[in-house]
Amino acid sequence: MVDSAEKVLAPVLSAFWDDPQSWTLDTYRRHEGYEGLRKALALPPDDVIALVKESGLRGRGGAGFPTGMKWQFIPQGDGKPHYLVVNADESEPGTCKDIPLLFANPHSLIEGMVIACHAIRSNHAFIYLRGEVVPVLRRLHHAVAEAYEAGLLGKNILGSGFDLELTVHAGAGAYICGEETALLDSLEGRRGQPRLRPPFPAVEGLYACPTVVNNVESIASVPSILLKGKDWFRSMGSEKSPGFTLYSLSGHVANPGQYEAPLGVTLRQLLNLSGGMRPGHRLKFWTPGGSSTPMFTDEHLDVPLDYEGVGAAGSMLGTKALQCFDETTCVVRAVTRWTEFYAHESCGKCTPCREGTYWLVQLLRDIEAGKGTLADLDKLADIADNINGKSFCALGDGAASPIFSSLQYFRDEYVEHLEGRGCPFDPAKSTVWADKSHLEVNA
Amino acid sequence: MTDVSLGIPAMPAPDYPADVRQRLDEDAAKIIARYPGSRSALLPLLHLVQAEESYVSRTGVRFCAEHLGLTTAEVTAVATFYSMYRRKPSGEYQVGVCTNTLCAVMGGDAIFDELKRHLGVENGETTDDGKVTLEHIECNAACDFAPVVMVNWEFFDNQDPESAKRLVDDLRAGRTVEPTRGAPLCSYKETSRILAGFPDERPGAVEATGGAGPASLAGLRLARGESLPGNGAGVPRQTSAPPQDETPPAHPSSHDAPLDSAVSDPEHPAGPVTQERPTEGEEDR
Numbered sequence: 001m002v003d004s005a006e007k008v009l010a011p012v013l014s015a016f017w018d019d020p021q022s023w024t025l026d027t028y029r030r031h032e033g034y035e036g037l038r039k040a041l042a043l044p045p046d047d048v049i050a051l052v053k054e055s056g057l058r059g060r061g062g063a064g065f066p067t068g069m070k071w072q073f074i075p076q077g078d079g080k081p082h083y084l085v086v087n088a089d090e091s092e093p094g095t096c097k098d099i100p101l102l103f104a105n106p107h108s109l110i111e112g113m114v115i116a117c118h119a120i121r122s123n124h125a126f127i128y129l130r131g132e133v134v135p136v137l138r139r140l141h142h143a144v145a146e147a148y149e150a151g152l153l154g155k156n157i158l159g160s161g162f163d164l165e166l167t168v169h170a171g172a173g174a175y176i177c178g179e180e181t182a183l184l185d186s187l188e189g190r191r192g193q194p195r196l197r198p199p200f201p202a203v204e205g206l207y208a209c210p211t212v213v214n215n216v217e218s219i220a221s222v223p224s225i226l227l228k229g230k231d232w233f234r235s236m237g238s239e240k241s242p243g244f245t246l247y248s249l250s251g252h253v254a255n256p257g258q259y260e261a262p263l264g265v266t267l268r269q270l271l272n273l274s275g276g277m278r279p280g281h282r283l284k285f286w287t288p289g290g291s292s293t294p295m296f297t298d299e300h301l302d303v304p305l306d307y308e309g310v311g312a313a314g315s316m317l318g319t320k321a322l323q324c325f326d327e328t329t330c331v332v333r334a335v336t337r338w339t340e341f342y343a344h345e346s347c348g349k350c351t352p353c354r355e356g357t358y359w360l361v362q363l364l365r366d367i368e369a370g371k372g373t374l375a376d377l378d379k380l381a382d383i384a385d386n387i388n389g390k391s392f393c394a395l396g397d398g399a400a401s402p403i404f405s406s407l408q409y410f411r412d413e414y415v416e417h418l419e420g421r422g423c424p425f426d427p428a429k430s431t432v433w434a435d436k437s438h439l440e441v442n443a
Numbered sequence: 001m002t003d004v005s006l007g008i009p010a011m012p013a014p015d016y017p018a019d020v021r022q023r024l025d026e027d028a029a030k031i032i033a034r035y036p037g038s039r040s041a042l043l044p045l046l047h048l049v050q051a052e053e054s055y056v057s058r059t060g061v062r063f064c065a066e067h068l069g070l071t072t073a074e075v076t077a078v079a080t081f082y083s084m085y086r087r088k089p090s091g092e093y094q095v096g097v098c099t100n101t102l103c104a105v106m107g108g109d110a111i112f113d114e115l116k117r118h119l120g121v122e123n124g125e126t127t128d129d130g131k132v133t134l135e136h137i138e139c140n141a142a143c144d145f146a147p148v149v150m151v152n153w154e155f156f157d158n159q160d161p162e163s164a165k166r167l168v169d170d171l172r173a174g175r176t177v178e179p180t181r182g183a184p185l186c187s188y189k190e191t192s193r194i195l196a197g198f199p200d201e202r203p204g205a206v207e208a209t210g211g212a213g214p215a216s217l218a219g220l221r222l223a224r225g226e227s228l229p230g231n232g233a234g235v236p237r238q239t240s241a242p243p244q245d246e247t248p249p250a251h252p253s254s255h256d257a258p259l260d261s262a263v264s265d266p267e268h269p270a271g272p273v274t275q276e277r278p279t280e281g282e283e284d285r
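Protein chains in written order, with UniProt numbering: chain Y, 1 to 443; chain L, 1 to 285.
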């Protein structure tokens, strides 16, 4: 029994992305844009924080920390400037939700930022956008200019007496800057390396002042909560994981793309709706939330994709980046490539991550080429164990995840590489054009 | 930077010509004014100097240092941390093929190999005409459009080896090339200026290629009761306008021409460049 799309999906953020000029202020206003802000500005800041807290909105950038609680941590009456920094450094392999969101509708983020800054009493906010997405930067520049022009940013917003400056800041290529304290160092014009915590950013963040760092999707979800209320928000998802979110389906599926649904939907539901895996193939392994979340197999198709459900099954919801690989894919190749990424992106600050990721790559390349020994598999697990939980920040833990999980589910495939003295897979069969050219030959 | 070096080590970098310096000073003042703390302007300033020379030269480092009250060593430490800052003059178009796991598996590896062969360059190298610098890049947040190629950080979605070869051929022939998502291509230097925070003023640049890409709308279409094609992946979209003028430009501008030597400025006092540019796949910062 396949549930209908209308029942399973819930487009909120993506509700009018197909409008011909979806990124403009005019379009946004035709869809109740900035109405949530009007409501927020009529409320005392603490009431806005309480509302977001009671809605149960949790961070959509990976960690799932309650957004309202983050705002509540900002000390009030401390005489220091407060800052909101939006983390738009979307770089986790497989993750592709914030970039299309900002390309299609940047105003949902800007409205959410004004609401958040009113709540935490901030008069200067920043969007830290990864630099490698110029089309999105263009639309952000445009949307911010539109918002200033319309009195939605700047002095005395909508006559409320509230002032807010918003600066769009383009990064320069460094995955580690998605880690919130590294992002702050980078925004201060330094090498993007994580900071020791405590002090947490809520106490000493940007310029050592109280700072909230939130993900794009988290903040963009706030206007709808103001507009439609916390009960509406809680009517979707589960008690502990309420609301809607963007699931990004990619890989060997018939229809990759963004699927917005209440939290707790399963991959089986999403695949059933969207046409499943590409014709003639079956799911082999997938990530629930990017490469840093331990991989799943076809045994996990019915895991509810919310914070608790994925956690209970041994992984993390992460960024809801559902990268699906079929039986043509070599898991050792996939893990080797992810590990090369972590080694490349390790900032070098702490030894376990800097040295560990380097040695993981050396071992994995040998294993993939069939040049290793069985003892190398234990060494692989041992090095990953020396990175996991022992690194300065979560990048190290993320690097260990694909190693542990692939050894757990696909140890036989590693052994096959070693005993067969090479990779048993043909990479040509994994490409998107593999089956098409096959069909053409047959035709 | 056109002065002939006499081989004297560790002399201060030459300044920009006076007119360039004055223009950049005005830009720098605007950038610095955006931030409560001036040092926050360093990343955009580095994009700005890259917009002038296509890479971060010693002159550019000196310029940033002078504006922010930093040493050139402090600026160099930052410039060398981030992968978007180039340390040698490079091509007018940076062609980046995503070879992170998902794109690689879906065909990115094959595309990258084919482009290396087709262009006769290795990772990080520039074609002799100074047009194309080929690189493999990390995940660029477009996995539902895999395999992805970025040119000057505009999206070319759903590529295959043939479409990618046509793309680089068009770039080298000087034909107009339009991405699947993003604005008609401008030069790498012009792109860097946008990254420095100066909006793209070209008419139509913001609205080019319309709203969300097809994959971004998959869920919305289903929720509206529409059906999906079923083969969303692997359908390359037209990546370039039909050839209109087969005559390539007479010669690359001097700014974009490749240097004779493989690495930039061997006498750079900040460190041995050859050790900072390891071979493909062994990069480790």
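Note that beta-carbon positions come from the ideal geometry of N, C-alpha and C, so glycine has one too.
To the nearest angstrom, how far is it from the Cα of residue i to the Cα of residue j?
i	j	result
L:D245	Y:Q21	Caution applies to L:D245, whose pLDDT of 42 falls short of 50 and renders its modelled position unreliable; the value that the coordinates give is listed next. Their backbone Cα atoms lie some 32 Å apart in a straight line.
Y:V114	L:P89	41 Å
L:Y188	Y:L227	42 Å
Y:D89	Y:T181	13 Å
Y:G356	Y:K39	51 Å
Y:V253	L:S216	14 Å
Y:V213	Y:L206	10 Å
L:A212	Y:P100	7 Å
Y:D382	L:R21	55 Å
Y:V361	L:N100	14 Å
L:D15	Y:N255	54 Å
Y:E132	L:C143	14 Å
L:R113	Y:S238	The sequence given here places Asp at residue 113 of chain L; Arg does not occur at that position. If I take the Cα positions, the gap works out to 47 Å.
Y:A116	Y:E146	19 Å
L:A29	L:R193	15 Å
L:R224	Y:V134	31 Å
List the residues of chain Y whose Cβ lies closer than 8 Å to the Cβ of residue i, in chain order.
i	result
L:R39	E188, G189 and R190
L:H47	G131, A170 and A172
L:P44	H169 and A170
L:G225	A5 and E6
L:M11	Within 8 Å Cβ-Cβ: nothing; L:M11 doesn't reach chain Y, min ~26 Å.
Name, please, each residue of chain L whose Cβ falls closer than 8 Å to the Cβ of residue i.
i	result
Y:G251	L102, V105, M106, C143 and A146
Y:W338	N100 and T101
Y:Q323	T101, L102 and C143
Y:A42	Ordered by position in chain L, no residue passes the 8 Å Cβ test against Y:A42, which lies about 29 Å from the chain.
For residue i, does the count of other Cβ atoms within 10 angstroms reach 16, so buried, or fall short, so exposed?
i	result
Y:E149	exposed
Y:G33	buried
Y:T373	exposed
Y:A312	exposed
Y:A42	exposed
Y:G318	buried
L:P12	exposed
Y:F244	buried
Y:P44	exposed
Y:D306	buried
Contact defined as beta carbons within less than 8 Å: I believe residue i pairs with residue j. What is the distance between those atoms, to the nearest angstrom?
i	j	result
Y:Y259	Y:L267	That pair is no contact at about 10 Å.
Y:P288	Y:F296	6 Å
L:G182	L:E154	3 Å
Y:K320	Y:S235	The pair is not a contact, with the Cβ atoms about 20 Å apart (cut-off 8 Å).
Would a check of beta-carbon distances place residue i closer than 8 Å to chain A?
i	result
L:T72	Structure shown: chain A not included; protein chains present are Y and L.
Name the chain Y residues whose beta carbon is nearer than 7 Å to that of residue i?
i	result
L:R34	T167
L:D109	P427
L:T191	V134
L:A77	R191
Show which residues of chain L have a CB atom less than 9 Å away from the CB atom of residue i.
i	result
Y:R138	G182, A183, I194, P199, D200, A205, V206 and A208
Y:W17	G211, A212, S216, L217 and L220
Residues of chain L with a CB under 7 Å from the CB of residue i: which are they?
i	result
Y:L158	Chain L residues near Y:L158: none, gap ~23 Å exceeds 7 Å.
The region 117-133 of chain Y / the region 336-355 of chain Y touching (three or more Cβ pairs under 8 Å): Touching, no.
Stretch pair the region 100-117 of chain L + the region 64-76 of chain L: three plus CB contacts closer than 8 Å: No: the two stretches stay apart, fewer than three of their Cβ pairs being nearer than 8 Å.
Three-pair Cβ contact test at 8 Å for the region 215-230 of chain Y versus the region 76-96 of chain Y: Short answer: they touch.
Cβ contact check for the region 324-344 of chain Y and the region 420-429 of chain Y: 3 or more pairs under 8 Å: They touch, by the three-pair rule.
Sufficient close CB pairs (3 or more, under 8 Å) joining the region 57-76 of chain Y to the region 134-153 of chain Y: No contact exists between the region 57-76 of chain Y and the region 134-153 of chain Y.
Touch test, the region 393-402 of chain Y against the region 175-194 of chain Y, Cβ-Cβ under 8 Å, three pairs minimum: Result yes; three or more Cβ-Cβ pairs closer than 8 Å.
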